[in-house]
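Residue numbers (this note's numbering), protein chains in the order written: chain A, 11 to 314; chain B, 26 to 303; chain C, 16 to 305. Glycine residues also receive a C-beta, built at the ideal position from the N, C-alpha and C atoms. Just so you know, these numbers come straight off a predicted model, no measurement behind them. Written out below as structure tokens is the structure these notes cover.
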Amino acid sequence: MNESASPLQSPARRVAAFSLSRISTIAMSTVTQLVRMKTFYFLLAFALLLFAVGNFNFASSPAQALSTLKKVSFGAMDLFAWLFAIVATALLIPRDIEDRTLYTILSKPVRRIEYLLGKLGGVLIVIAISLAVMFVICSFMIIWQQLGYIAAEYDTRDIRTEQEILASVTLIENAGFRGELIYAAYASFLKSAVVASVTILLSTFASSSLFTIIISILVFLVGHAHTMATNFWLQETDNSLVVQMVLKVVKILIPNFQLFSFSEGIVQGASVASGVLLQMSGITAAYLFVFLLISLISFGDKEF
Amino acid sequence: MKRPLSQVTKIVLVALALSAFGLLRAPWEDAIRDDLVENQLLLPPPAESAIEQMSQSALMGTLGGLRTLVSTFLVLEGFDHFSLKDWEELRNTYQIVTSLEPRDENHWRDIVWHLGINATANMELDKSLPEFERKRRFQQYALEAIDFAERGIQQVPESAIIRQQLAEVYREKLKDNCKTAEVYGDLIGLPGAPEYVRRFHGYFLARCPGREQEAYDYLMALFREGPSQHLPTLIKEIQKLEELLEIPSPERIRAVPRQSPAQRRASKNTLPGGIVIP
Amino acid sequence: MSEELAVEVKNLTKVFPTGLRKEYVVAVDNLSFEVKAGEVYGLIGPNGSGKSTTMKVVLGLMAPSKGTSTVFGYESGDIQARNEIGFLPENPYFYKHLSGAETLKFYGKLCGLRGSELKDRIADLLQLVDLEDAAKRRLGGYSKGMLQRIGLAQTLIQNPRLVILDEPTAGVDPVGSRQIRDLILRLKEDGYTVFLCSHLLEQVQEVCDRVGIIFKGRMRREGPLEELIRIEDQTELTLKGASPELLEQVRNLIESDGSAELVEEGHPRTTLERLFIRIAGQKENQKESA
Numbered sequence: 011m012n013e014s015a016s017p018l019q020s021p022a023r024r025v026a027a028f029s030l031s032r033i034s035t036i037a038m039s040t041v042t043q044l045v046r047m048k049t050f051y052f053l054l055a056f057a058l059l060l061f062a063v064g065n066f067n068f069a070s071s072p073a074q075a076l077s078t079l080k081k082v083s084f085g086a087m088d089l090f091a092w093l094f095a096i097v098a099t100a101l102l103i104p105r106d107i108e109d110r111t112l113y114t115i116l117s118k119p120v121r122r123i124e125y126l127l128g129k130l131g132g133v134l135i136v137i138a139i140s141l142a143v144m145f146v147i148c149s150f151m152i153i154w155q156q157l158g159y160i161a162a163e164y165d166t167r168d169i170r171t172e173q174e175i176l177a178s179v180t181l182i183e184n185a186g187f188r189g190e191l192i193y194a195a196y197a198s199f200l201k202s203a204v205v206a207s208v209t210i211l212l213s214t215f216a217s218s219s220l221f222t223i224i225i226s227i228l229v230f231l232v233g234h235a236h237t238m239a240t241n242f243w244l245q246e247t248d249n250s251l252v253v254q255m256v257l258k259v260v261k262i263l264i265p266n267f268q269l270f271s272f273s274e275g276i277v278q279g280a281s282v283a284s285g286v287l288l289q290m291s292g293i294t295a296a297y298l299f300v301f302l303l304i305s306l307i308s309f310g311d312k313e314f
Numbered sequence: 026m027k028r029p030l031s032q033v034t035k036i037v038l039v040a041l042a043l044s045a046f047g048l049l050r051a052p053w054e055d056a057i058r059d060d061l062v063e064n065q066l067l068l069p070p071p072a073e074s075a076i077e078q079m080s081q082s083a084l085m086g087t088l089g090g091l092r093t094l095v096s097t098f099l100v101l102e103g104f105d106h107f108s109l110k111d112w113e114e115l116r117n118t119y120q121i122v123t124s125l126e127p128r129d130e131n132h133w134r135d136i137v138w139h140l141g142i143n144a145t146a147n148m149e150l151d152k153s154l155p156e157f158e159r160k161r162r163f164q165q166y167a168l169e170a171i172d173f174a175e176r177g178i179q180q181v182p183e184s185a186i187i188r189q190q191l192a193e194v195y196r197e198k199l200k201d202n203c204k205t206a207e208v209y210g211d212l213i214g215l216p217g218a219p220e221y222v223r224r225f226h227g228y229f230l231a232r233c234p235g236r237e238q239e240a241y242d243y244l245m246a247l248f249r250e251g252p253s254q255h256l257p258t259l260i261k262e263i264q265k266l267e268e269l270l271e272i273p274s275p276e277r278i279r280a281v282p283r284q285s286p287a288q289r290r291a292s293k294n295t296l297p298g299g300i301v302i303p
Numbered sequence: 016m017s018e019e020l021a022v023e024v025k026n027l028t029k030v031f032p033t034g035l036r037k038e039y040v041v042a043v044d045n046l047s048f049e050v051k052a053g054e055v056y057g058l059i060g061p062n063g064s065g066k067s068t069t070m071k072v073v074l075g076l077m078a079p080s081k082g083t084s085t086v087f088g089y090e091s092g093d094i095q096a097r098n099e100i101g102f103l104p105e106n107p108y109f110y111k112h113l114s115g116a117e118t119l120k121f122y123g124k125l126c127g128l129r130g131s132e133l134k135d136r137i138a139d140l141l142q143l144v145d146l147e148d149a150a151k152r153r154l155g156g157y158s159k160g161m162l163q164r165i166g167l168a169q170t171l172i173q174n175p176r177l178v179i180l181d182e183p184t185a186g187v188d189p190v191g192s193r194q195i196r197d198l199i200l201r202l203k204e205d206g207y208t209v210f211l212c213s214h215l216l217e218q219v220q221e222v223c224d225r226v227g228i229i230f231k232g233r234m235r236r237e238g239p240l241e242e243l244i245r246i247e248d249q250t251e252l253t254l255k256g257a258s259p260e261l262l263e264q265v266r267n268l269i270e271s272d273g274s275a276e277l278v279e280e281g282h283p284r285t286t287l288e289r290l291f292i293r294i295a296g297q298k299e300n301q302k303e304s305a
């Protein structure tokens, strides 16, 4: 050992009360962990799925084939994002506790909120990278198919007027790739961020990963249905007071995940205003902030 | 380190914090939701009738935000019913599909095509059924196709492809020239509607009893737009109407028809009366 | 050794609720002790005696039910207190996906080390624990002893004044155990304060300046090791090359003294552990010379 290591008579230098660098250290370690768990092999499966859908010819028109390809791609992206958010978050924290890795981390000058933020950040970075790669893969597939269909339209020059061909090409282009699709991927990202924060909150209470995963998925499902439930039942007058109360409690306690399904609208061709994106980003940030703070009620003084 | 709170205290605190947050965000979220629905970014919940018909797994998937995946899967299933000529199941499947994605005009167009064209054609050919039953079902499927088309148009008012498909059902299967003309008329000016719908509106109006004069005026207006409209069918239709309406000869047209590439080759796509289907 | 206190535990009591009814288990009962800066202090006792609980309270992983615990004057659990501590848990599992060097880098960064300072520190520590060759290997492929050594290196990454070791040689073979013991002695030489828990008395005996014996959550004996294990009224002589005549003379002398009594006589034995290490050492030497 060199001289800098000893002797040890002076107190340690003071550490920052809150440090972004500690959070990023934990986040990057989480990313490494997930990458070395071969998470990204999923992307290969995704590419194969798109290839299969792209070449399975059941659609009645090119526009419909493109629309199906888009729906399957973005549906699969969305599914991957939220499911991964739940499973990865629910597995990583209890695993640290079980393996006592958490002891060694929390016995260093690391705050518990920094640990939670780091874990969440790591999971979200992996989701963001995966979504970005999936977006590139599916954009490539859509554009490739689209160009093929357009070329086929021009091949019918002999039997159709220029106008008719242009009309068909316009239909294909409308159903094909557009830049705004990236916001659909962004919507999935926002959704997965909220799901991850819910899972963190649950995992600070739960004693097992399995329990956390099941309850998180349940919360996720109910979170999609409660707007519907509100529409169906809250407006009916013959419901008992108890049912009405339960529905109201559910609406207040469980996040409204349905809002985050606005990716479906984008995939189907609706355009999205920047105001909407800002609002959704804002509400996501609010969820993350509040849920992490609430997690601290349980995790802040949890004994290991 | 401070003494830890008991688990019960923690749960109460968490519930309180969640409720406070829930009460704060509810109005904000409701406003965003309305905004999203208005901008067609968010779909309204599927109709109650569709929910009742859905299998449990499909329902779970739908509720879990996998609406588009579920509907794509159901479309695949529908394709299967189509290959097996199971028209009842096909209709039920599309009942759910169109309820899940009411804004997707392709679904509406597809079911109109399946029921209005394929199912009816099958009834014309299916020798396993007695004559009267085939006729009854032919009518039933055609009417169901029309019903789907009308609901689709309600959901996607600007859709050209649903109307094109509907027009085909009226034209090919029900041979209802008046209705066909009406639907082509509705198509004019819609985004994505092909150019020929303007002429077709006139052609079928000409075949709708009692509206010949209207058809003549309309087609003449098209004719006057210039040589690009001087297609053989248009000229032939006008000349037929001139005969029928006994138009005085100085007012009759004298034009050399322009040959379109479609007309040069597509003899198979010709309707009775010489109307060429692009 | 200075009089500054590295650890001060006063009247520590820790109770755990069991089941749904209001029943409690007392894990630590009114425990008080001090660890002075620069000394090696061993808390010994059988499994379940409250050692680990005490340690967790000192670390801030648990809160005391009663009493206080401070580290260099900071309340346990305070982020400054934790900055003074390096902790090695029993059977440490670090992230298996990281290599030895990456593990040290991770913990170093958590302690705010960066750049060349961190790099040098990692190199020094890998050398100290003799894992330079395995630095790039993932921990998944490490043996128990290697894990324990990388764990020890990790505890030292930010150069803390206090090193807390929980059963540092549990499950490690005698050679590995000896290496760790040597490392602890080395730490002591370098001026670190070491606070360790163990149920292996012999190990504690070799490295600790002072020990506390804890049983059922209470401190039973405490003090400098020599004092605790010395049998005050007995004296041990070890002779080399003594002839039978000389031994006879000694026996006679003792007999002639009225108050003294010969309690035991025989050849001194090495411990089994020492024997094992000697044999292992000889085997190594033979291999090298061959």
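TODO: For chain C, find out if any of its Cβ atoms is closer than 8 Å to the Cβ of A/P104; answer yes or no.
DONE: no
Task: Of the residues A/L126, A/I224, A/L176 and A/G85, the one placed nearest A/E163, counting alpha carbons only - done: A/L176
TODO: Could you tell me which residues DSSP puts in a beta bridge with C/D181?
DONE: C/C212
TODO: Please say whether C/I59 and C/S213 have beta carbons closer to each other than 8 Å?
DONE: yes
Task: CB contact flag (A/V25, C/I179, <8 Å) - done: no
- [ ] Starting from A/S39, find everything on chain F with Cβ-Cβ shorter than 8 Å and list it in chain order.
- [x] You won't find chain F in this structure, because its protein chains are A, B and C.
- [ ] Would you kindly check if the distance between the Cβ of A/E124 and the Cβ of A/R46 is under 8 Å?
- [x] no
Open item on the list: What does the Cβ neighbour count give for B/G177, buried or exposed, with the cut at 16 atoms within 10 Å?
Closed with: buried
- [ ] Please go through the same chain and pick out, in chain order, the residues whose beta-carbon is closer than 7 Å to the beta-carbon of C/T68, but skip the five residues on each side of it.
- [x] K29, A42, V43 and M77
Task: Those residues which DSSP pairs with C/P32 across a bridge - done: C/Y39
Open item on the list: I want to verify the contact list: residues of chain A whose CB lies under 8 Å from the CB of C/C126, in sequence order.
Closed with: V25, K118 and P119
Task: the ligand PLP heavy atom lying under 7 Å from the CB of A/M255 - done: No copy of the ligand PLP occurs in the structure displayed, which carries no ligand at all.
Open item on the list: Under DSSP, the beta strand (DSSP E) around C/Y56 begins and ends at which residues?
Closed with: V55 to I59
- [ ] Flag this pair as touching only if the region 84 to 93 of chain C and the region 133 to 145 of chain C have three or more C-beta atom pairs under 8 Å; answer yes or no.
- [x] no
- [ ] Would you check if the region 201 to 213 of chain A and the region 93 to 100 of chain A touch, i.e. whether three or more CB-CB distances between them fall below 8 Å?
- [x] yes
Open item on the list: Quick check on DSSP: helix, strand or coil for B/T34?
Closed with: helix
Open item on the list: When you compare the CB of C/N62 with every CB in chain A, is at least one pair closer than 8 Å?
Closed with: no
Task: Alpha carbon of A/K118 to alpha carbon of C/Y122, nearest angstrom - done: 8 Å
Task: Neighbouring residues, chain B, relative to A/Q156 (Cβ below 9 Å) - done: Neighbours of A/Q156 on chain B: none; closest Cβ ~16 Å, over 9 Å.
Task: Own chain residues within Cβ distance below 7 Å of C/L240, not counting five before or after - done: Q220, C223, D224, R225 and V226
Task: A/A235 versus B/G90 - alpha carbon distance - done: 9 Å
- [ ] Return the chain-ordered ranges of every beta strand (DSSP E) run that is complete within the region 57 to 93 of chain C and spans a minimum of 3 residues.
- [x] 81 to 86
Task: Candidates A/L303, A/R167, A/G275 and A/L79, of which the one nearest B/E126 by Cα - done: A/G275
Open item on the list: With three or more C-beta pairs closer than 8 Å as the rule, is the region 268 to 286 of chain A touching the region 299 to 308 of chain A?
Closed with: no
Task: Three-pair Cβ contact test at 8 Å for the region 133 to 149 of chain A versus the region 191 to 198 of chain A - done: yes
TODO: Give the straight-line distance between the Cα atoms of A/S14 and A/G189, rounded to the nearest whole angstrom.
DONE: Residue placement at A/S14 is flagged as unreliable, the pLDDT there being 43, under the threshold of 50; a coordinate-derived value is accordingly withheld.
TODO: Pull up the CB-CB distance for C/I229 and C/K71, whole angstroms please, since I reckon it's below 8 Å.
DONE: That belief does not hold up - the Cβ atoms of C/I229 and C/K71 are roughly 14 Å apart, past 8 Å.
- [ ] Within the same chain, show all residues whose beta-carbon is closer than 7 Å to that of B/D151, passing over the 5 residues directly before and after it, in chain order.
- [x] R159
TODO: Confirm, please, whether the CB-CB distance from B/A231 to B/L266 is below 8 Å.
DONE: yes
Task: With 16 other Cβ atoms within 10 Å as the buried cut-off, status of A/M87 - done: buried
Task: Beta-bridge partners of A/K80, as assigned by DSSP - done: DSSP output for A/K80 lists no bridge partner at all.
Task: 7 Å Cβ shell around A/F309 - same chain, five flanking residues per side excluded - done: R122, L126 and T214
Open item on the list: Counting only beta-carbon separations shorter than 8 Å, does C/I195 have a partner in chain A?
Closed with: no
TODO: My understanding is that C/T208 touches C/G53, with C-beta atoms under 8 Å, so please give their C-beta distance in whole angstroms.
DONE: 6 Å
- [ ] Please determine, among A/L298, A/I307, A/L306 and A/S284, the residue with the shortest C-alpha to C-alpha distance to B/L61.
- [x] A/S284
Open item on the list: Residues of chain A with CB closer than 9 Å to the CB of B/A51, please, in chain order.
Closed with: K261, I262 and N266
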